[in-house]
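There are 4 protein chains.
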Amino acid sequence: MNKIENKNIGAYIWVVPDAYLPPIGDEKLPGHEATCILNLNDKPANVEFTFYFEDREPLKSAKVKIGAQRTLHLRLDQSEALLNVNLERSIPFSIKVESDVKIIVQHSRMDTRQPNLAYMSTIGYPVKE
Amino acid sequence: MNKIENKNIGAYIWVVPDAYLPPIGDEKLPGHEATCILNLNDKPANVEFTFYFEDREPLKSAKVKIGAQRTLHLRLDQSEALLNVNLERSIPFSIKVESDVKIIVQHSRMDTRQPNLAYMSTIGYPVKE
Amino acid sequence: MNKIENKNIGAYIWVVPDAYLPPIGDEKLPGHEATCILNLNDKPANVEFTFYFEDREPLKSAKVKIGAQRTLHLRLDQSEALLNVNLERSIPFSIKVESDVKIIVQHSRMDTRQPNLAYMSTIGYPVKE
Amino acid sequence: MNKIENKNIGAYIWVVPDAYLPPIGDEKLPGHEATCILNLNDKPANVEFTFYFEDREPLKSAKVKIGAQRTLHLRLDQSEALLNVNLERSIPFSIKVESDVKIIVQHSRMDTRQPNLAYMSTIGYPVKE
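Residue numbers (our numbering), protein chains in the order written: chain H, 1 to 129; chain B, 1001 to 1129; chain U, 2001 to 2129; chain D, 3001 to 3129.
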């Protein structure tokens, strides 16, 4: 309905300060976080995560490809398989997401410890060019 | 109290990366998501959704009209009736909302699986012209 | 530590699309929403709400004064006493907040129906001048 | 993948209007809020909090240092030890965070009163220069 092209929607870099994998809680519905990434472009997005900690050096992930016009809800409790980074539970961290094309990022947590589930979610902080 | 006109408030395009219809949970209070849209204009907003998935082509909805100076909290668990798109539960997706006038969008989830309800919500990502 | 003056922080107009007063739930901890407003100025903020509905005309509130360098967490389940507007429970609505000085707005819901409490919260949508 | 330098990511001042330390709830998982701050710079961030209340003067915290390329999830229920400010539970307040370098801020609450935990979270409001 208007002329902004899909390839110009979003940002190349996004930041999520509050990341934390809660204890596993309910094994049938394990606590986790998911970084949800939408790629509106007509070509794949090559995406890299950097994880920041309170008391040690940042870790860079392997690259993840997200297809054209596709979303990915990346489960951080599966970071070893998906990102080649071992993220422990119960450790506070932060996330920087970088892409070679513009993307849009939202980050959410599910916690099932008590055991009724709790959620939190926020659009990431987009870095302006 | 100041001079920004209502018709200039908001954006034509909004994005929500983290969308997901949870299992139905409590039948008296079924889990759902709602895309909440405010139209501050003096004329109706004609709004269209595009849904993006992890492994298939995007789907475009039928158009929805939101009256002048009205809000709509559109229940996505009723997408077949309201949007002419069949959205399955337990499938990750993302949302792009487009309008012919400026609108303001917030997206929220209620999950009643365990069965105590959990919420998450965020203002959508507004696309700057 | 830097030179942005407090009076230039925030916006005159804020929008919250997803507002809803849930059923009362637990009477000792009744479900509610709160619009949380920070006034960083050296003078009071005169603030007015407009409430938008799905099927009737918007309602304007009485004005609320927020002192210099003060916050107000305004409980919408007390809107009749605080804002001279009767907001019913279980009705979807949206909110526009206007002020004669710049303010910062966040809006949150507590739901205690099931009866374990659920929260949602988001920074409002700030309207750029 | 692109040329925005880490030192230019974020803002010097952030605001969180809805802050509240809930009653302690579950002693093994006490209710709390955390202000989560990421410092992407190659040097430490010196950070100061100002707390705003409904009916008394603002309080300034001691300064907190966050290392280069480090995150801090600062627990506000430990504000006396960490910030030299006594924040009571069950009192509404707001937060301004100021830093001598750019940072990114997200603020989250965990409430365990009922006693199943509830979360809320939002990226703070970044103050543009």
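Don't be surprised by glycine CBs; every beta carbon is placed ideally from N, CA and C.
Tell me which same chain residues have a C-beta within less than 7 Å of the C-beta of residue i, skipping the five on either side of it?
i	result
Met3001/D	Confidence at Met3001/D is low in this model, with a pLDDT of 48, below 50, so the placement of that residue is unreliable and no value is reported for it.
His32/H	Leu21, Arg75, Leu76, Asp77, Met110
Pro2044/U	Lys2065, Ile2066, Gly2067, Ala2068
Leu54/H	With the sequence shown as reference, residue 54/H is identified as Glu, and Leu is not the correct amino acid for it. Closer than 7 Å at Cβ, skipping near neighbours: Pro92.
Ile4/H	none
His73/H	Ala34, Cys36
Excluding sequence positions up to five away, which residues of its chain have a Cβ less than 6 Å from the Cβ of residue i?
i	result
Thr1050/B	Pro1058, Lys1060, Lys1096
Ile3013/D	Glu3098, Val3127
Ile3104/D	Gly3010, Leu3038
Asp1042/B	Ala1068
Asn2086/U	Glu2080
Met120/H	Arg109
Pro3030/D	Ile3024
Ile123/H	Gln106
Among the candidates the options, whose CA atom is the shortest distance from the CA of residue i?
i	options	result
Glu3048/D	Val3015/D, Pro3115/D, Gln3069/D	Val3015/D
Val3101/D	Glu3088/D, Arg3089/D, Leu3087/D, Ile3066/D	Ile3066/D
Asp3112/D	Ala2118/U, Arg2113/U, His2107/U, Ser2108/U	For clarity, residue 3112/D is Thr in the given sequence; the question names Asp instead. Nearest option by C-alpha distance: Ala2118/U.
Thr35/H	Ser121/H, Ala62/H, His107/H	His107/H
Lys1028/B	Leu1082/B, Ile1004/B, Asn1116/B, Pro1092/B	Asn1116/B
Asp26/H	Thr1122/B, Ile1123/B, Ser1121/B, Gln1114/B	Gln1114/B
Thr71/H	Ser1094/B, Arg1070/B, His1073/B, Arg1089/B	Ser1094/B
Glu1088/B	Tyr1052/B, Ile1123/B, Lys1007/B, Leu1040/B	Tyr1052/B
Ala3007/D	Ser3090/D, Leu3040/D, Ile3024/D, Leu3082/D	Per the sequence shown, the amino acid found at residue 3007/D is Lys instead of Ala. Ranking Ser3090/D, Leu3040/D, Ile3024/D, Leu3082/D by Cα distance to Lys3007/D puts Leu3040/D first.
Pro3023/D	His3073/D, Leu3082/D, Thr3122/D, Ser3090/D	Ser3090/D
Who are the Cβ neighbours of residue i in its own chain at under 8 Å, not counting the five residues just before and after it?
i	result
Asn1084/B	Ser1061, Ala1062
Tyr125/H	Trp14, Val15, Val16, Pro17
Glu3129/D	Ala3011, Tyr3012
Beta carbon of residue i: closer than 6 Å to some heavy atom of the ligand PLP?
i	result
Asp1018/B	Although the ligand PLP was asked about, the structure shown includes no ligands whatsoever.
Short of 7 Å Cβ to Cβ, which residues in the region 1061-1076 of chain B face chain U?
Gln1069, Arg1070, Thr1071, Leu1072, His1073
Report the residues of the region 76-98 of chain H with a CB closer than 9 Å to any CB of chain D, ordered along the chain.
Pro92, Phe93, Ser94, Ile95, Lys96, Glu98
Under 9 Å, CB to CB, which of the residues in the region 2110-2127 of chain U have a partner in chain B?
Asp2111, Arg2113, Gln2114, Pro2115, Asn2116, Leu2117, Ala2118, Tyr2119, Met2120, Ser2121, Thr2122, Ile2123, Gly2124, Tyr2125, Val2127
Closer than 9 Å, Cβ to any Cβ of chain B: which residues of the region 2004-2015 of chain U, in chain order?
Tyr2012, Ile2013, Val2015
Could I get the ranges of all uninterrupted alpha helix (DSSP H) runs contained in the region 24-90 of chain H, with 4 residues as the minimum, in chain order?
79-83
Going along the chain, which residues of the region 2032-2057 of chain U sit with their C-beta nearer than 8 Å to a C-beta in chain B?
Asn2046, Glu2048, Tyr2052, Phe2053, Glu2054, Asp2055, Glu2057
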